[in-house]
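Comments concern the structure below.
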Amino acid sequence: MNGRLWEIFLNSFTRILIPGLLVTIPLTLLAFFLAMIIATIVAFIRFANVRIIKDICRFYVWIIRGTPLLVQLFFAYYGLPILGITWNSPFVCAVVVFALNEGAYASETIRGALNSVPEGQIEAGYCVGMSYLQIMMRIVLPQALRAAFPALMNGLIGMVKDTSLASNITVTEMFFTTRTIVTTTYEPLLLYLEVAMIYLLFSSVLSKLQVYVEKKLNAQVGKE
Amino acid sequence: MIEVRNLKKTFDRDPILKGISFNVEKGDVISVIGPSGSGKTTLLRCLNFLTPSDEGTLVFDGKTYDMAHTSKKEINEIRKKTAFVFQNYNLFLNKTALENVTEGLIIARKTDKVIANKKAEEMLEKVGMLERKDRYPSQLSGGQQQRVAIARALALDPEIIYFDEPTSALDPELIGEVLEVIRQLAAEKRTMIIVSHEMNFVRSISSRILFMDGGVIVEEGSPEKIFGDPKEERTREFLKTYRR
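Respectively, the protein sequence lines represent chains E and X. Positions 554 to 777 (my numbering) are the ones given, in order, by the first sequence. Positions 79 to 322 (my numbering) are the ones given, in order, by the second sequence.
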């Protein structure tokens, strides 16, 4: 590698990493946290067969899963203001769209996990006098979340990378910054490789974290 | 103590219980025997409202319940006086043996934690599982899990315990330890209804036997009578298949 390229590489490394730490990561964590809350509630409602609300939840999952994430971002950021719904910042818009998007997918993961908990667990709860809500919160949900954990981590790692789409609605995250640098240095090969490496780094940290947490979760039910 | 009158249940137009009536007195150990599909398990499940009944009356401690139309409150009232031991144990998989026993006490009955733990340890001791109180179900054998399940049932101080084929899911060498615990409960004059295929066991501990077939109680009587001198042809046929 010649000196000029090496210099561009080093200079841009922190310039890309900083928006990564300040925008990509907070965007991912915030959106994922909200997504988990949405997903748990939606999964719960559909599992418990709550009338009418259940149909609303199904409609939500249908719409989100049936349309591209990029279209959802454009619709929310450029489309909704025409209806008078405006955003404080593109960041807020991105958080909401990513949360709603991941929430729909994750709700299906959690619903499947809830269904995988044996019916006998609920019956045993009833027989010791617990209420449906107590059984769900203390017995079924903890077991379901443990079963769903690897698939949910998949969603989280996917989201880290998907946040690059937010560059299209002017969120100054890693990919947005990289594109800006490319327009001044004309080194797309080097810089896109560089940003790919940083995404890979973030994902690898999460993968490590997954292995660690899975071990902890298994220890909680006495499995090696 | 308990009186069941004309209990009926149909699954998908397939009648499983066709009008079951019987009484349970305090201290009775009643065993329900009969071929698979005769409705024994459904009977127990209906008694504890795990399966809703189509028709029937339950008199429990002098209070009468319409089994087809019970409110949540009534169901809770009855379940408070009963305990259920399942064929496949159904221990809470995310709780230790001790927590399995205390869960109902602390969460449902709002018992003080210290008292609940003490009670749970007593019950685990009784079934010989105290040393393993911190194990999770996945770390216990089937027989050990079933003994914890019995401790969980006992901790609730039930007036009656329902056993739904408590040893059917166990490896043959583990059956004895569970039967031994149940035998001990019978000796203490605890009121129980046991659905079981362990004929020798049932014969030795029951105060009364109900033989069910095709959704009805075909014959009812003392173990000596049912096993020694059954009146009904169907009872004789059934017992023959067990004496090979």
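In this text, a Cβ means the ideal position worked out from N, Cα and C, and glycines have one as well.
Bounds of any alpha helix (DSSP H) do not take in E/Tyr739, whose DSSP letter is neither H nor E. The beta carbon of E/Tyr745 is closer than 6 Å to none in its chain, skipping five residues each way along the sequence. In terms of beta-carbon proximity, X/Ala186 lines the interface with chain E, with at least one pair separated by less than 8 Å. Not a single CB atom of chain E sits nearer than 8 Å to the CB of X/Glu251.
For X/Gln224 against X/Leu248, the beta-carbon gap comes to about 7 Å, under 8 Å, which counts as contact. When 8 Å is used as the limit between beta carbons, X/Leu234 is near these residues of chain E: Val681, Gly682, in chain order.
By the criterion of a C-beta distance shorter than 7 Å, E/Ala659 is surrounded in its chain by Ala588, Met589, Ala592, Leu705, Gly708, once the five residues flanking it on both sides are discounted. In the pairwise beta carbon analysis, the stretch 110-118 of chain X is classified as touching the stretch 289-301 of chain X: at least three pairs are separated by under 8 Å. Bridge partners of X/Ser109 according to DSSP: X/Ile272, X/Ile287. Apart from the 5 residues on each side of it in sequence, E/Ala719 sits with its Cβ closer than 6 Å to the Cβ of Ala647, Glu726 in its chain, given in chain order. For the stretch 662-695 of chain E, the set of residues with a beta-carbon nearer than 8 Å to any beta-carbon of chain X comprises Pro671, Gly673, Gln674, Glu676, Ala677, Gly678, Tyr679, Cys680, Val681, Gly682, Met683, Ser684, Gln687, Arg691, Ile692, Pro695, in chain order. The beta-carbon distance between X/Ile185 and E/Met683, rounded to whole angstroms, is 6 Å. This is short enough to meet the 8 Å contact definition. With the rule of 3 Cβ pairs closer than 8 Å, the stretch 685-700 of chain E counts as touching the stretch 166-179 of chain X. With at least 16 other beta carbons inside 10 angstroms of its own, X/Arg286 counts as buried. Arg213, Tyr214, Pro215, Ser216, Gln217: these are the residues of the stretch 204-218 of chain X whose beta carbon lies less than 8 Å from some beta carbon of chain E, given in chain order. Straight-line spacing of the CA atoms in X/Leu234 and E/Ser756 works out to 49 Å.
Here X/Pro130 carries a coil assignment [DSSP, helix/strand/coil]. In this structure, the beta-carbon distance from X/Pro236 to X/Lys159 falls below 8 Å.
Interface flag for X/Arg157 against chain E is set, since a Cβ pair is found closer than 8 Å.
X/Leu128 reaches chain E at Glu676, Tyr679, Cys680, counting residues in chain order whose Cβ is nearer than 8 Å.
Under DSSP, X/Tyr240 shares a beta bridge with X/Phe162, X/Ile271. Using a Cβ distance threshold of 8 Å, X/Val107 and X/Ser282 do not count as a contacting pair.
DSSP places E/Ser669 in the helix class (H, G or I) of the three-state scheme. With three or more CB-CB distances shorter than 8 Å, the stretch 764-775 of chain E counts as touching the stretch 214-221 of chain X.
The C-alpha of X/Leu121 is placed about 27 Å away from the C-alpha of E/Leu686. E/Arg699 counts as buried, since no fewer than 16 other beta carbons sit within 10 angstroms of its beta carbon. In the three-state reduction of the DSSP assignment, E/Gly775 falls in the coil class.
With a threshold of 8 Å between beta carbons, X/Arg230 makes contact with chain E. For E/Ala677, the closest alpha carbon among the candidates X/Arg91, X/Ala227, X/Lys211, X/Glu310 is that of X/Ala227.
DSSP places E/Thr639 in the coil class of the three-state scheme, outside both helix and strand.
Closest option to E/Leu653, judged by alpha-carbon separation, among E/Cys680, E/Val595, E/Ile606: E/Val595. For E/Val766, no Cβ of chain X is located within less than 8 Å of the residue's own Cβ. In the structure shown, E/Leu686 adopts helical secondary structure according to DSSP, grouped into three states. For the pair X/Gln165 and X/Ser274, the CB atoms are not nearer than the 8 Å cut-off.
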